[in-house]
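S.K.: Before anything else, here's the structure in question.
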Amino acid sequence: MILTCAHFMVPWWYFITPTYAMNLFYSGGSEAVQDDVVPHLNGDILSIHTSRNEAWRVAPGLTETSSKDKLVHDLERTLEGWHQSPSLPAAEVDSPKLIKSMLKSEMETWPRYIHDILKTKTSYKIIPFWSFLVVISEFMSTPILQKTFFEFSKENERLLKDQVWEDYENKKMLKYVLNKYEIKIKEHVNLLKQKDKPKEVIDIFTRDAQEHLGEYKICLEKQWSSNAEVELYRNWASHLSVYINVKGAVKAALETQAIQVSWIKFGKLNALGYVGVPYEIREPFKDGLSKQCQAITSELVDSIQLLNDRSLLEFFTYQAEYDYGIYDQYFIEPHDDIRKTLVFWVKYMPFYLKMRMNEDTWNWQCLMEAIIVSDPKGDHLEPIMQKFLRLPPPSSTKKNLIVRFLEFLLKKTKHGDLREVAQQGLEEIRASPVPSFAKHPK
């Protein structure tokens, strides 16, 4: 999406005005952006509207090139004002000169320009500079977005290491920009699934394409098939804030988990096509798919079992970043049996994914985990879960997944603790759609 020329020019006009005067407004109106959606810098507001559909519009009759040319022209026209502006000493002209050169260059060179601009410390004193970083993401193709994100990430790492107090606000602003770029890249990944997509959206999620990005490539922790690599490159691109902070055994476990979930979802999609397929073709395919899922599941179980306590905590913490992550929405802190519950859900991921699909079942994940820890060895619960998953889906029932499982469990076990937790759970579910503690959150 191309920015309107008018809005694209606004930050540059304010480059030569005192920072307290700077404000961006809604397209076609005068209502300022609400404070809760904008970052603050030393009391000055950097107003960046969070909805591009509202704030940014394609300028009628203007192409991307003409919009950029207009911006460059405006910047050239105001450069002289930089020297005379009382709020910006002449020594701080280096940054806008670099930005002007960047806009005149090919997009492929933008990350390197941004690298140089970030090294110009005076850039941080110019609030609209941060607005500019967010604004230009609308012009960027997928590879340029990824490269630029990693440039910001390196600068963020440097600021964290320096521990300089005056950089505190810059760290906050850079974190904000990093988040905006991560969201934009994830948006590109999702758009790849569409037949008609913007020209900026480019599929770079293969090994060859990533290698072409050089120092800005996404590196996988383990060796995978080419199909699995595509899945993982897209997965990491959609979770870059996790990617830049994780490594080693935890990173490998997260990759294995992503592949396990993708295989399970792939199996469900293909199950829809089994009707009418000859048995001699259908059964080998189903068996092969099942064996692959079993192999990757066993691999993930082993990985989790081998994680030390610190790595296990890290793996658990990152679960909340994924829509398939294993965590309880009400109890996000790890408990003493977290390894046991993680391993159980990995083994029975089809049940977990189905439970997460519906709010009325995910509300009761805490109950399921209470049942899991009630069977220390797992020798009672796991055989029952295996039998339950082999049952044909109910033709028509209003009972949710957890209710059906608990009723099945009560029929199949004589284990005292399991029966007690299951019976109490059924009574509470029948009395209320959500756990009692969830009705009055702290």
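Note that the sequence shown covers residues -21 to -1, 1 to 421 in mature numbering (1 follows the signal peptide of the UniProt record, and there is no 0).
All residues carry an ideal CB built from backbone N, CA and C; glycine is no exception.
None of these values were measured; they are calculated from a predicted model.
How would you label residue 164, buried or exposed, when you count the other beta carbons within 10 angstroms and need 16 or more for buried?
M.R.: Walking along the sequence shown from the start, residue 164 turns up at place 185. Residue 164 is buried by the Cβ-count criterion.
S.K.: Cutting at 7 Å between CB atoms, please list the residues of its own chain near residue 237, excluding the five before and the five after it.
M.R.: Taking the sequence shown and counting its residues from 1, the one referred to as residue 237 is at position 258. If we look at residue 237 and ignore the five residues flanking it on each side, its Cβ neighbours are 210, 211, 214.
S.K.: Provide the residue span of the alpha helix (DSSP H) that contains residue 206, from first to last.
M.R.: Stepping through the sequence shown from its first residue, residue 206 is reached at position 227. Segment 205 to 216, the alpha helix (DSSP H) holding residue 206.
S.K.: On a Cα-Cα basis, can you pick out the residue from 387, 391, 226, 95 that is closest to residue 197?
M.R.: Taking the sequence shown and counting its residues from 1, one reaches residue 197 at position 218. The shortest Cα separation from residue 197 among 387, 391, 226, 95 belongs to 226.
S.K.: So residue 183 packs on residue 125, CB below 8 Å; how close in whole Å?
M.R.: Here the question's residue 183 lines up with position 204 in the sequence shown. Here the question's residue 125 lines up with position 146 in the sequence shown. Indeed they touch by this definition, with Cβ atoms about 7 Å apart.
S.K.: Let me know the secondary structure DSSP gives residue 484 once reduced to three states.
M.R.: One cannot answer for residue 484 here, as it falls past the ends of the chain, which runs -21 to 421.
S.K.: Taking just the CA atoms, how far does residue 285 sit from residue 162?
M.R.: Numbered from 1 along the sequence shown, position 183 holds the residue referred to as residue 162. Numbered from 1 along the sequence shown, position 306 holds the residue referred to as residue 285. Computed Cα separation, rounded: 33 Å.
S.K.: Measure the Cβ-Cβ separation of residue 160 and residue 128 and say whether it is below 8 Å.
M.R.: Here residue 160 is taken as the residue at index 181 of the sequence shown, counted from 1. Here residue 128 is taken as the residue at index 149 of the sequence shown, counted from 1. Closer than 8 Å, so yes.
S.K.: By the 10 Å Cβ neighbour count, where 16 or more other Cβ atoms means buried, how is residue 193 classified, buried or exposed?
M.R.: As a first step, residue 193 is located in the sequence shown; it is residue number 214 there, counting from the start. Residue 193 is exposed by the Cβ-count criterion.
S.K.: Nearest-angstrom Cα distance between residue 424 and residue 80?
M.R.: Lying outside -21 to 421, the shown extent of the chain, residue 424 is not represented and no answer is given.
S.K.: From residue 318 to residue 394, what distance separates their C-alpha atoms?
M.R.: Position 339 of the sequence shown holds residue 318. Position 415 of the sequence shown holds residue 394. Roughly 22 Å separates the two Cα atoms.
S.K.: Measure the alpha-carbon distance for residue 333 versus residue 380 and round it to whole angstroms.
M.R.: Residue numbering aside, residue 333 sits at position 354 when the sequence shown is read from its first letter. Residue numbering aside, residue 380 sits at position 401 when the sequence shown is read from its first letter. Rounded to whole angstroms, residue 333 to residue 380 spans 8 Å at the Cα level.
S.K.: I need the boundaries of the alpha helix (DSSP H) containing residue 412, first residue and last residue.
M.R.: Translated into the one-based positions of the sequence shown, residue 412 becomes position 433. Where residue 412 is concerned, there is no enclosing alpha helix (DSSP H), given that its DSSP letter is neither H nor E.
S.K.: With H, G and I counted as helix, E and B as strand and the rest as coil, what does DSSP make of residue 198?
M.R.: By one-based count along the sequence shown, residue 198 stands at place 219. The answer is coil: DSSP assigns residue 198 none of H, G, I, E or B.
S.K.: Hey, residue 275 and residue 242: beta-carbon distance below 8 Å or not?
M.R.: As a first step, residue 275 must be located in the sequence shown, where it is residue number 296. As a first step, residue 242 must be located in the sequence shown, where it is residue number 263. In contact: residue 275 and residue 242 (Cβ atoms closer than 8 Å).
S.K.: The alpha helix (DSSP H) spanning residue 350 covers which residue range?
M.R.: The residue given as residue 350 occupies position 371 in the sequence shown. It spans 344 to 352 - the alpha helix (DSSP H) in which residue 350 sits, taken as one unbroken run.
S.K.: Within a Cβ cutoff of 6 Å, which residues of the same chain sit near residue 19, ignoring the five residues on either side of it in sequence?
M.R.: Residue mapping note: residue 19 aligns to position 40 of the sequence shown, counting from 1. Confidence is the limiting factor: at residue 19 the pLDDT is only 37, short of 50, which leaves the residue's position unreliable and the question unanswerable from this model.
S.K.: Please report how far the alpha carbon of residue 372 lies from the alpha carbon of residue 413, in whole angstroms.
M.R.: Within the sequence shown, residue 372 is the residue found at index 393, counting from 1. Within the sequence shown, residue 413 is the residue found at index 434, counting from 1. Distance between the alpha carbons of residue 372 and residue 413 is about 24 Å.
S.K.: For residue 307, I'd like the list of residues in its chain whose CB is within less than 7 Å of its CB, leaving aside the five on either flank, ordered along the chain.
M.R.: Against the sequence shown, residue 307 aligns to sequence position 328. Contacts found: 344, 345, 348.
S.K.: Output the boundary residues of the alpha helix (DSSP H) element that contains residue 134.
M.R.: Translated into the one-based positions of the sequence shown, residue 134 becomes position 155. That run of the alpha helix (DSSP H) goes 121 to 141.
S.K.: Please state the DSSP three-state secondary structure of residue 181.
M.R.: As a first step, residue 181 is located in the sequence shown; it is residue number 202 there, counting from the start. Residue 181 falls in the coil class under three-state DSSP.
S.K.: Whose C-beta lies closer than 6 Å to the C-beta of residue 388 among residues of the same chain, with five residues either side of it excluded?
M.R.: By 1-based counting over the sequence shown, the position of residue 388 is 409. 363, 401.
S.K.: To the nearest angstrom, report how far apart residue 235 and residue 187 are at their CA atoms.
M.R.: Locating residue 235 in the sequence shown gives position 256, counting from the first residue. Locating residue 187 in the sequence shown gives position 208, counting from the first residue. Each residue's Cα considered, the two are about 21 Å apart.
S.K.: Mind reading off the beta-carbon distance from residue 331 to residue 305? Whole number of angstroms is fine, and I expect it under 8 Å.
M.R.: Within the sequence shown, residue 331 is the residue found at index 352, counting from 1. Within the sequence shown, residue 305 is the residue found at index 326, counting from 1. At roughly 7 Å, the Cβ-Cβ gap stays under 8 Å, so residue 331 and residue 305 are in contact.
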